[in-house]
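Below is one structure, written out as structure tokens; comments come after it.
Protein chains: 2
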Amino acid sequence: MSTPCIICVAITGSVPRKENNPAVPVTIAEQIESTHAAFEAGASIAHCHVRNDDQTPTSDPEKFGRLLEGLNTHCPGMVVQLSTGGRSGAGKDRGGMLSLRPDMASLSVGSNNFPTRVYENSPDLVDWLASEMCTYEVKPEIEAFDLSHIHQAVKMNREGRIAGTLYVQFVMGVKNAMPVDKDVFDYYVKTMQRLAPEAQWCAAGVGPGQIVVNEWSIAAGGHTRT
Amino acid sequence: MSTPCIICVAITGSVPRKENNPAVPVTIAEQIESTHAAFEAGASIAHCHVRNDDQTPTSDPEKFGRLLEGLNTHCPGMVVQLSTGGRSGAGKDRGGMLSLRPDMASLSVGSNNFPTRVYENSPDLVDWLASEMCTYEVKPEIEAFDLSHIHQAVKMNREGRIAGTLYVQFVMGVKNAMPVDKDVFDYYVKTMQRLAPEAQWCAAGVGPGQIVVNEWSIAAGGHTRT
Ligand SMILES: [Zn+2]
Ligand SMILES: [Zn+2]
Ligand SMILES: [Zn+2]
Ligand SMILES: [Zn+2]
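One line per chain: the protein sequences are A and B, in this order. Positions 1 to 226 (our numbering) are the ones given, in order, by the first sequence. Positions 1001 to 1226 (our numbering) are the ones given, in order, by the second sequence.
Shown next as structure tokens:
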């Protein structure tokens, strides 16, 4: 018996605009339509960002609420994961949508560098986001941009600050963070098996690394994000 | 033939005060005396922080200059490494002492969490500190608080942004960063051998992890910091 592979579709992200790719869904209506197509094609999780009218990213709970409602209606049974990422807001604004009780939300548990800046996830903010997810029973997807983030997630899980079975995503290929590297990927998998054998994990490669990391992940028995 | 083990003595650090431990050398005179004793006991590198009169950490180049001069006089042949760490200043203040042309300086090439805050080393600041070290021919000791920092150092070295043979220190046991973990330690060593076989590495454990990490490091053929 093999474990089914969960495909998570990241429909919009926080960076690309219509001028980069006209197919990027930006309005709520476009996002619902695009997710519906991915759902019918086999995706089980929708990883969601929302945008302002000028396409800039936002953490606006009202926008997230409309998207969540639309996805629940059009894609019954699909798991909806809202982003609490730092490109869409700062501080507690990043978690304002958690009270909507989405199925899942992304959670960074450490800090690292991004292409042009520090991706700041202070210990206080991490603790607050994690506790909000406990309060509203939102399942976190841990975004591991580096090895210590896996250790930190396991620690928080053991201490009860993250509830339930861990779900960790390895993120590779972000400039100035962890590159796309097969040896590191294998060590991430080994680390999960060592520290949290009951956990589930998935992996995402950025840009040209996307397909490569998808293939590694599926071959190693993990889940994956498009 | 075996490789000699380099012992680096961190004489003061940026955190402990006289009230924590009366033996912590705080004034320049105390620092020179303490380093001299360590030098005679076999230490080859002095890792140096300087303090204000109220014991708070500073990056003041004048203070670093007096310490450097004293160490060169009292400990001839000892390698002096000045800290550019973020507890002693912010932004470019952290590198104001590099024009003194110490033998070495510490260099963080990524960001991570510390016990109560984000240890911020933005890409711009990292590039500036590295280029100042090239300009003044200061040998960097890379402070690797996480795995991606090793990858980033290797990349910068290959691109010529860090000159010469890499010297990397693994730092373990800082809360909210990488814990003291033997499997990770072994993987760090393996990563150095894979990506930069000609490089030298050392390791430091914080607090109760200090002796443990010293022992691992010496047994694995690396250098170590007290
Ligand atoms: Zn995202
Ligand atoms: Zn529909
Ligand atoms: Zn130091
Ligand atoms: Zn002396």
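Just so it is clear, CB atoms sit at the ideal spot from N, CA and C, and this is done for glycine as well. All values reported here derive from a predicted model rather than from experimental measurement.
Distance between beta carbons of residue j and residue i, contact taken as under 8 Å
| i | j | result |
| --- | --- | --- |
| residue 1044 of chain B | residue 1078 of chain B | 7 Å |
| residue 1192 of chain B | residue 1168 of chain B | 7 Å |
| residue 266 of chain A | residue 46 of chain A | Because chain A is modelled from 1 through 226, residue 266 of chain A falls outside the range shown and cannot be assessed. |
| residue 105 of chain A | residue 138 of chain A | 5 Å |
| residue 1083 of chain B | residue 1049 of chain B | 5 Å |
| residue 1088 of chain B | residue 1116 of chain B | Incorrect: roughly 16 Å between the Cβ atoms, too far for contact. |
| residue 100 of chain A | residue 140 of chain A | Residue 100 of chain A to residue 140 of chain A, Cβ: 15 Å. No contact. |
| residue 234 of chain A | residue 205 of chain A | Shown here, chain A extends from 1 to 226; a query on residue 234 of chain A therefore has no answer. |
| residue 1129 of chain B | residue 1158 of chain B | About 18 Å; that fails the 8 Å criterion. |
| residue 218 of chain A | residue 226 of chain A | With a Cβ gap of about 12 Å, residue 218 of chain A and residue 226 of chain A do not count as contacting. |
| residue 1149 of chain B | residue 1109 of chain B | 5 Å |
| residue 146 of chain A | residue 1146 of chain B | 4 Å |
| residue 1107 of chain B | residue 1143 of chain B | 7 Å |
| residue 122 of chain A | residue 1015 of chain B | 19 Å between Cβ atoms; not a contact. |
| residue 1018 of chain B | residue 1026 of chain B | 6 Å |
| residue 227 of chain A | residue 70 of chain A | Not covered by the structure: residue 227 of chain A. The range shown for chain A is 1 to 226. |
| residue 1170 of chain B | residue 1188 of chain B | 5 Å |
Below-8 Å beta-carbon distance, residue i vs any chain D residue
| i | result |
| --- | --- |
| residue 1225 of chain B | The displayed structure is made up of protein chains A and B, and chain D is not among them. |
Closer than 7 Å to ligand 3: residues, by C-beta to nearest heavy atom, in chain order: B:1010, B:1013, B:1014, B:1047, B:1049, B:1083, B:1085 and B:1106
Unbroken stretches of the alpha helix (DSSP H), 4 residues or longer, contained in the segment 83-145 of chain A: The qualifying runs are 123-135.
Residues in the segment 168-181 of chain A having any Cβ partner in chain B nearer than 8 Å: 176, 177, 178, 179 and 181
Selection of the segment 196-223 of chain A by Cβ proximity to chain B, strictly under 7 Å: none
The segment 176-195 of chain A contacting the segment 80-97 of chain A, beta-carbon criterion three pairs below 8 Å: With the cut-off at 8 Å, the segment 176-195 of chain A and the segment 80-97 of chain A do not touch.
Where the segment 1051-1077 of chain B meets chain A: residues whose CB sits under 9 Å from a CB there: none
Against chain A: residues of the segment 1098-1123 of chain B by CB proximity under 9 Å: Taking 9 Å as the Cβ-Cβ cut-off against chain A, the residues of the segment 1098-1123 of chain B that qualify are 1109, 1110, 1111, 1112, 1113, 1114, 1115, 1116, 1117, 1118, 1119, 1120, 1121, 1122 and 1123.
Three CB pairs or more closer than 8 Å across the segment 1152-1167 of chain B and the segment 1196-1208 of chain B: yes
Given 8 Å, three or more beta-carbon pairs between the segment 1021-1040 of chain B and the segment 1069-1077 of chain B: yes
Contiguous beta strand (DSSP E) assignments of at least 3 residues, all confined to the segment 21-75 of chain A: Taking only runs of at least 3 residues, the beta strand (DSSP E) segments lying wholly in the segment 21-75 of chain A are 45-48.
Residues, ordered as in the chain, of the segment 132-159 of chain A that lie near chain B by beta-carbon distance below 9 Å: Contact annotation: in the segment 132-159 of chain A, residues whose CB is within less than 9 Å of a CB in chain B are 145, 146, 147, 148, 149, 151, 152 and 155.
Contained alpha helix (DSSP H) runs [length at least 4] in the segment 183-220 of chain A, N- to C-terminal order: 210-219
Interfacial residues, the segment 1181-1192 of chain B to chain A, with Cβ spacing under 8 Å: 1181, 1183, 1184, 1187 and 1191
Where the segment 1009-1036 of chain B meets chain A: residues whose CB sits under 7 Å from a CB there: none
Residues of the segment 1082-1099 of chain B whose Cβ lies closer than 9 Å to any Cβ of chain A, in chain order: none
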